[in-house]
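Colleague: Pasting a structure here, questions to come.
Chains as they are written, first to last, in the UniProt record's numbering: chain A, 1 to 266; chain B, 1 to 431.
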């Protein structure tokens, strides 16, 4: 299989093979292969328009794929809607967060999947479960789980959004630029949380433009270049500079696309 | 360097979990009265005003009118009047709370109440139907109107402002057609008339008040005990007790005032809680339960707070949008029935004029935000009382009609300004 990162140790949970996606005449994703492993953070990097967002939207069931296969836990699956993705255990934390400001942390974490007893919401058990998840992820910055999300800082909101994804029996958690709008200390918190998410057995996809973030938490780096996977490599095998070259030129020395392919779309 | 990062984490895990526990301390710690009052004050300063403006407004207005018309305003007869006057606005406002929670508006709610009142009156008077059939058809009419608005807003995505403005005009035509130009349809059905004009037996009023107070107290204390035994966030017991005491006091004092004989002549007795009050109480309890305790209510708040987040969480936003208009128009229909009962008739202008303004005013004065996501069913009751006090007090002062309009409009604008300022503060403090 076209998977250079076979050095990975975790168990593969999601495997995309030969994924293609076009919007009308625009061919956005070309034969994309991607393998996600439990317990690992895979950084998805690429310049604007490289197809990162489209790729995660295909995994999340928002865009149907044109061709290619998606294997989840070794079986081939169809992901036709966000609900299908959630049912498999794929959670996406979007860049613009998707939290309701007027609800508290517990209410947000269980939004759309409230526990109830008969007609009535089971607030107590939801509060306990939310508290447990936050403690498991060692979230220390939240004062009270009954705080309204409106009163939280950017980093805390990001934390809640990520914890929300971990609350469910999720296996794959996709984070779309979780540190984009954060300060230094808050970025630190979120990156710690990303690492712990992987350590607690999730396969994590981290989309980021920030090489420092990527090199700090990722186990594996997948670089997209104009809709193609330029390389999927172990973080320890590459340098900052190589990744930047992969992002900007699609190739770096022996790594990356063949020169002809890389030049094709320019 | 990176590898050492990741191996560090398991080592740090143990203390981290303990830290996390201690950071929930503000939840688990027995809140004392002072800390929770401080918390409350901090929330108010951050723009979460709750019922404060309504309660202050109510107290201020009562003091004002009591000073200006000392002999009439606080007379037992006028107090009972206040309650029946507040009935239609309160019910209308309760329906509007649902619509406003999504940040939408229903400008046709007032005339919907008029149309539904007219439907009921025609069925009783012309078709000789029993009252319950007439009321059910009236509510059904409201449901149809609400569903149509909801469909146009949620599916066709026309702004609710435009849809309901069109219906505001169109439905006035329907009322006109039903009633006949310039006419009125008298309503003499005993049950309907009793709603706003007859009173409960005094013993029943007291029983209902005591049952409500006891039920509220029991539910609050049971919840408090459950939260405490499970180690969840709970308010201090003194605060819970104070809340229960205030609610019980309001219920009992209200019942006492309404149980005094308020007949203008000593030859007859006129006392007891008007039948419309328990109707509002039932609607209030039902709406509070729906909004606060069910998944549906949670989804309404979520769509009002962030529709996109709600959609991504798998909530059927379209269905929620349609449903709030259905609830709003159904409650408008009930409000129309109560208004017909109060006037003993339905006229062509029923539900027109400033009815809607007063309904929206009641909801907003009570604390429901025009920006969506914030509001409770009880806002309608508090705001309805404020509106009734204004309406009633101005009536007693004998203010001219033009001044009435100016003052009521001014009050609504004031309430909306408070809402807007509070909402700005909220977004400013939510770093």
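Glycine residues also receive a C-beta, built at the ideal position from the N, C-alpha and C atoms.
What you are looking at is a predicted structure, and each value in this text was computed from that prediction instead of being measured.
Can you tell me the Cα-Cα spacing of residue 310(B) and residue 194(A), whole angstroms?
Modeller: 24 Å
Colleague: Step through the CB atoms of chain A and report whether any lies within less than 8 Å of the CB of residue 19(B).
Modeller: Low confidence applies here, because residue 19(B) scores a pLDDT of 41, under 50, leaving its location unreliable; read the following figure in that light. Interface residue, yes.
Colleague: If I follow the unbroken beta strand (DSSP E) through residue 20(A), where does it start and stop?
Modeller: 12-23
Colleague: Taking residue 301(B) as the query, report the chain A residues whose CB atoms sit under 9 Å from its CB, ordered along the chain.
Modeller: Chain A residues near residue 301(B): 100, 102, 103, 107.
Colleague: Would you mind listing the alpha helix (DSSP H) stretches within the stretch 344-409 of chain B that are 4+ residues and don't spill past its ends, in chain order?
Modeller: Listed in chain order, they are 355-366, 377-397.
Colleague: Do you know whose CA, among 426(B), 325(B), 76(B), lies nearest residue 96(B)'s CA?
Modeller: The closest CA to that of residue 96(B), considering only 426(B), 325(B), 76(B), is found on 325(B).
Colleague: Taking only runs that begin and end inside the stretch 287-346 of chain B, name each unbroken alpha helix (DSSP H) of 4 or more residues, in chain order.
Modeller: 295-305, 307-312, 317-343
Colleague: Quick check on this structure: which residue in 110(B), 81(B), 181(B), 400(B) has the alpha carbon closest to the alpha carbon of residue 359(B)?
Modeller: 110(B)
Colleague: Find out if the Cβ-Cβ distance for the pair residue 274(B), residue 83(B) is shorter than 8 Å.
Modeller: Against a cut-off of 8 Å, the Cβ pair of residue 83(B) and residue 274(B) comes out as a contact.
Colleague: So for residue 219(B), helix, strand or coil by DSSP?
Modeller: Under the three-state reduction of DSSP, residue 219(B) is assigned to helix.
Colleague: Give the DSSP-derived three-state secondary structure of residue 65(B) in the structure shown.
Modeller: helix
Colleague: Would you kindly report the start and end of the unbroken alpha helix (DSSP H) that includes residue 129(B)?
Modeller: It is not in any alpha helix (DSSP H) - residue 129(B) carries neither H nor E in the DSSP assignment.
Colleague: Can you find the residues in the same chain that come closer than 7 Å, C-beta to C-beta, to residue 257(A), ignoring five residues on each side of it along the sequence?
Modeller: 225, 228, 230, 250, 251
Colleague: Using only the alpha-carbon positions, how far apart do residue 261(A) and residue 58(A) sit?
Modeller: 23 Å
Colleague: Is the separation between the beta-carbon of residue 339(B) and that of residue 108(B) shorter than 8 Å?
Modeller: no
Colleague: Hey, how far is the Cα of residue 259(A) from the Cα of residue 165(A)?
Modeller: 40 Å
Colleague: Can you say whether residue 2(A) is buried or exposed, counting buried as having 16 or more other CB atoms within 10 angstroms of its CB?
Modeller: Bear in mind that the predicted position of residue 2(A) carries a pLDDT of just 39, short of 50, making it too unreliable to give a figure here.
Colleague: Can you say whether residue 267(B) is buried or exposed, counting buried as having 16 or more other CB atoms within 10 angstroms of its CB?
Modeller: Residue 267(B) counts as exposed, since fewer than 16 other C-beta atoms from the protein chains shown sit within 10 angstroms of its C-beta.
Colleague: May I ask you to report which of helix, strand or coil DSSP gives residue 176(A)?
Modeller: strand
Colleague: Please return the same chain residues whose Cβ sits closer than 8 Å to the Cβ of residue 115(B), not counting the five positions on each side in sequence.
Modeller: 141, 145, 171, 174, 175, 178, 336, 351
Colleague: Output the distance between the C-alpha atoms of residue 87(B) and residue 60(A), rounded to the nearest integer angstrom.
Modeller: 50 Å
Colleague: Please determine if the stretch 64-72 of chain B and the stretch 301-321 of chain B are in contact, where contact requires at least 3 C-beta pairs separated by less than 8 Å.
Modeller: no
Colleague: Looking at chain A, which residues of the stretch 353-372 of chain B have a Cβ within less than 7 Å of any of its Cβ atoms?
Modeller: none
Colleague: Given that residue 172(B) touches chain A, what residues does it touch there, using C-beta distances under 7 Å?
Modeller: None at all; the shortest Cβ gap to chain A is about 35 Å.
Colleague: With DSSP as the reference, identify every bridge partner of residue 225(A), one or two as the case may be.
Modeller: 228(A)
Colleague: Answer yes or no: does any C-beta atom of chain B fall closer than 8 Å to that of residue 46(A)?
Modeller: no
Colleague: Measuring straight from C-alpha to C-alpha, what distance separates residue 235(A) and residue 255(A)?
Modeller: 13 Å
Colleague: With 8 Å as the C-beta to C-beta threshold (strictly closer), list the residues of the stretch 292-321 of chain B near chain C in chain order.
Modeller: Of the protein chains in this structure, namely A and B, none is chain C.
Colleague: Can you tell me where the beta strand (DSSP E) with residue 239(A) in it begins and where it stops?
Modeller: Here residue 239(A) belongs to no beta strand (DSSP E), and DSSP marks it neither H nor E.
Colleague: Closer than 6 Å by C-beta to residue 246(A): which residues in its own chain qualify, once you throw out the five before and the five after it? Chain order, please.
Modeller: Within its own chain, the residues whose Cβ lies closer than 6 Å to the Cβ of residue 246(A), once the five positions on either side in sequence are excluded, are 223, 230, 231, 252, 256, listed in chain order.
Colleague: DSSP on residue 60(B), reduced to helix/strand/coil?
Modeller: When secondary structure is reduced to three states using DSSP, residue 60(B) falls in the helix class.
Colleague: Name the chain B residues that come within less than 8 Å of residue 120(A), Cβ to Cβ?
Modeller: Among the residues of chain B, those whose CB is under 8 Å from the CB of residue 120(A) are 293, 294, following chain order.
Colleague: If we cut at 8 Å on Cβ distances, does residue 424(B) have a partner in chain A?
Modeller: no
Colleague: Report, in whole angstroms, the separation of the C-beta atoms of residue 179(A) and residue 138(A), which I expect to be a contact under 8 Å.
Modeller: Contact flag wrong, Cβ pair sits at about 18 Å.
Colleague: In three-state DSSP terms, what is residue 259(A)?
Modeller: It is helical.
Colleague: Please classify residue 110(A) as buried or exposed, where buried requires at least 16 neighbouring CB atoms within 10 angstroms.
Modeller: buried
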